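If you're matching them up, the sequences are chains P and E in order. Sequence positions in the first sequence follow numbering that gives the first Met the number 0 and run 0 to 78. Sequence positions in the second sequence follow numbering that gives the first Met the number 0 and run 0 to 407. Report on the structure given below.
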Amino acid sequence: MAQKSSFEKALNRLDEIVSQLESGDLSLDESLKIFQEGIELSRFCTKKLSEAESKVKKLTKTSSGKFKLEDLKIEEKEE
Amino acid sequence: MVIENLVKQIKIYTVSEITDEIKSLLELNLPTLWIEGEISNFIHHSSGHRYFTLKDGNAQIKSVLWRDIGDFLKFEIEDGMKVVVYGNISVYEKQGQYQLYVEDIVPAGLGKFELAFRQLKERLFKEGLFEEEHKKPIPEFPQTIGIVTSSTGAAIQDIIRILHRRMPSVEIILNPVKVQGDGAGWEIAQAITDFNQFKNVDVLIIGRGGGSLEDLWAFNEEIVARAIYASEIPVVSAVGHEIDFTIADLAADLRAPTPSAAAELVVKDKREVLSQIKNLTQSLIEYQLAQIADAKIRVKTAAESYGMKKLWDMLTQKAQRIDELVKNMGWLVNQSLKNSKQNLANVMGKLKALSPLSILERGYSVCYKLPDLILVKDVNKLKLEDAVEVRLHKGKFKGKVEEIEKNW
Chain P
0 MAQKSSFEKA LNRLDEIVSQ LESGDLSLDE SLKIFQEGIE LSRFCTKKLS
50 EAESKVKKLT KTSSGKFKLE DLKIEEKEE
Chain E
0 MVIENLVKQI KIYTVSEITD EIKSLLELNL PTLWIEGEIS NFIHHSSGHR
50 YFTLKDGNAQ IKSVLWRDIG DFLKFEIEDG MKVVVYGNIS VYEKQGQYQL
100 YVEDIVPAGL GKFELAFRQL KERLFKEGLF EEEHKKPIPE FPQTIGIVTS
150 STGAAIQDII RILHRRMPSV EIILNPVKVQ GDGAGWEIAQ AITDFNQFKN
200 VDVLIIGRGG GSLEDLWAFN EEIVARAIYA SEIPVVSAVG HEIDFTIADL
250 AADLRAPTPS AAAELVVKDK REVLSQIKNL TQSLIEYQLA QIADAKIRVK
300 TAAESYGMKK LWDMLTQKAQ RIDELVKNMG WLVNQSLKNS KQNLANVMGK
350 LKALSPLSIL ERGYSVCYKL PDLILVKDVN KLKLEDAVEV RLHKGKFKGK
400 VEEIEKNW
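Here's what the structure looks like:
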């Protein structure tokens, strides 16, 4: 279990790229390539974080033992 | 002579020896056990240890409660109190007395639940259900969060509100259950098992809001502890208030003091993560900047050493372009440091435009040799019929080398 999400993978990769660039061992071409990748990852992560509102679903099991997700409305408490 | 021989055959014990025998007889035959009785002659000695007599209608037994156990009891012992005591019986040699050495003590009656709790806790502990090694790590960025609680309680509202606030992108799946009363334990355990069959959640929060010990009881049931232990999905328990400790808490991979706290433990705050990404992106820019500055020096050196008159213009142009890049990037970095709320996507958009790849826009193209996409920097690396990929503004194309002309 504990599979890493695409977000987590992307963030880890971004971290790795920054370390690689920091080491300064790369040729200009290589660094360009991963710089570009880094910018894309950064954009991907930012986009992921800004994705739509929390979806709340309800898990139900049908009589045949299959699972179904239904939309769920929870009455929000007044704050 | 006969009498002397007889005397030699009789085993004569010293008092200490026989006391030792009695002691080991008692300890071997009466292991640690629970005894119910009433407290009398209670003394809290200046040494900190507590002494009392445990009695019922027909018998009594002297009892000792050492300070390191007595000081941690959640109630005060008084004469006349009915209690259930956990301990073992042994001998106090100096006074030739057998005594009960108390390891735990709970008020009788009121302690029914408490007693069941302690017994179950002890049994499951011995079985290894609470072992640290078994506990699974909680994922750092869960995408989907499964919740086992009542759909009408305050807990689900608190959890949703906090998840919403901290990380609006997560998906929440509730498996609604009864959290108190008959069958609640079974429903909770079943919901955990269902989630494990359903599989598509990264972490589970199971719990409910505060209540009496009886209200929280379902979370002390063995069936729930076993379902948590068997769960492949990491489980965060969130039962009642800070002070409530349940068997579910002990079996869970992580215990949150309250449902709200569980929501905060499970997801990071979006703003913190955004600022982490921003910092990384800034480092990215800075290091790339350094690379470019370095390249600039190399271009200059190359230009000077080869003295290529024809290429001089192009090189100075390139150097100038790099200068611009460096200037602009420096400005960008400063800007984004100054203005922390600046839209990151915006920064990145500009950055992409500044990326040296945008040189392509100005009419240059880059040639890669297929199939390994090796950048071709020197025409001598190419042979006739080599497949190449050429990248230029707005795209790329593939082709074959038809003719090679070498300039030097």
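Idealized CB from N, CA, C, for every residue including glycine. Since the structure is predicted, the reported quantities are computational estimates derived from the model, not experimental observations.
Query	Result
Within chain E, the residues that P:Asp82 reaches when beta carbons sit closer than 7 Å	In the structure as shown, chain P begins at 0 and stops at 78. Residue 82 of chain P is therefore absent and cannot be evaluated.
For E:Asn406, the three-state DSSP class (helix, strand or coil)	coil
Contact residues within the segment 172–193 of chain E, judged by C-beta distance below 7 Å to chain P	Ile172, Leu173, Asn174, Pro175 and Asp193
Separation of E:Val272 from E:Gln287, as counted between CA atoms	22 Å
Burial state of E:Glu126, where buried means 16 or more other Cβ atoms lie within 10 Å	exposed
Sequence-distant residues of its chain with Cβ nearer than 7 Å to P:Lys65 (five each side left out)	none
Start and end residues, alpha helix (DSSP H) containing E:His240	Counting along the chain, E:His240 falls outside any alpha helix (DSSP H), and DSSP gives it neither H nor E.
Contact check, E:Val101 vs E:Leu114, beta carbons under 7 Å	no
Among E:Ala237, E:Lys368 and E:Pro138, the one whose alpha carbon lies nearest that of P:Ser5	E:Pro138
Bridge partners - E:Ile104, DSSP secondary structure assignment	E:Val84
Closest residue to E:Lys408 among E:Leu383, E:Ile403, E:Leu369 and E:Glu384 (Cα-Cα distance)	Only positions 0 to 407 of chain E appear in this structure, which leaves residue 408 of chain E out of reach.
Other residues of its chain near E:Pro258: CB distance less than 6 Å, five sequence neighbours each side excluded	Ala154, Asp157, Ile158, Gly206 and Ala237
Reference E:Asp103, options E:Glu170, E:Thr13, E:Leu32 and E:Lys399, closest by Cα	E:Leu32
Stretch pair the segment 118–125 of chain E + the segment 61–76 of chain E: three plus CB contacts closer than 8 Å	no
Whole-number beta carbon distance between E:Leu173 and E:Ser150, since they are thought to touch under 8 Å	6 Å
Residue ranges of each beta strand (DSSP E) within the segment 4–71 of chain P, 3 or longer	54–60 and 66–70
For E:Glu131 and E:Arg225, the rounded distance between their alpha carbons	15 Å
Runs of alpha helix (DSSP H) wholly within the segment 7–59 of chain E (minimum 4 residues, chain order)	14–28
Min CB distance P:Glu15 to chain C below 7 Å	Among the chains of the structure shown, chain C does not appear; the protein chains present are P and E.
DSSP beta-bridge partners of E:Lys135	In DSSP, E:Lys135 forms no bridge with anything.
Exposure label - P:Ser63; buried when at least 16 CB within 10 Å	exposed
Residue range of the beta strand (DSSP E) that includes E:Pro175	Glu170 to Pro175
Cutoff 7 Å: P:Phe43 Cβ touching any chain E Cβ	no
Contact belief for E:Ala251 with E:Leu264 at Cβ below 8 Å, rounded distance in angstroms	Not really, about 11 Å apart at Cβ, beyond 8 Å.
Span separating the alpha-carbon of P:Leu68 from that of E:Val178	21 Å
Chain-ordered neighbours of P:Lys56 on chain E, where CB pairs are closer than 8 Å	Glu170, Ile171, Ile172 and Leu173
Residue environment, E:Ile373, which counts as buried when at least 16 other CB atoms sit within 10 Å	exposed
Separation of E:Gly398 from E:Ser430, as counted between CA atoms	Outside the modelled stretch of chain E, which goes from 0 to 407, sits residue 430 of chain E, for which no answer is possible.
Distance, E:Ser211 Cα to E:Glu26 Cα	39 Å
Pairwise C-alpha distance: P:Leu25 and P:Glu36	14 Å
Minimum Cβ-Cβ distance from P:Glu69 to chain E less than 7 Å	no
Whole-angstrom distance between E:Gly182 and E:Gln341, CA atom to CA atom	Because E:Gln341 sits at a pLDDT of 48, beneath the cut-off of 50, its placement in the model cannot be relied upon, and the following sentence gives the value as read from the coordinates. Rounded to whole angstroms, E:Gln341 to E:Gly182 spans 53 Å at the Cα level.
Reduced DSSP secondary structure (H/G/I, E/B, other) of E:Phe396	strand
8 Å contact criterion, which E:Val202 and E:Ile232 should meet: CB distance rounded	7 Å
Inter-residue Cα distance where the pair is E:Glu213 and P:Ser41	50 Å
Below-7 Å beta-carbon distance, P:Ser62 vs any chain E residue	no
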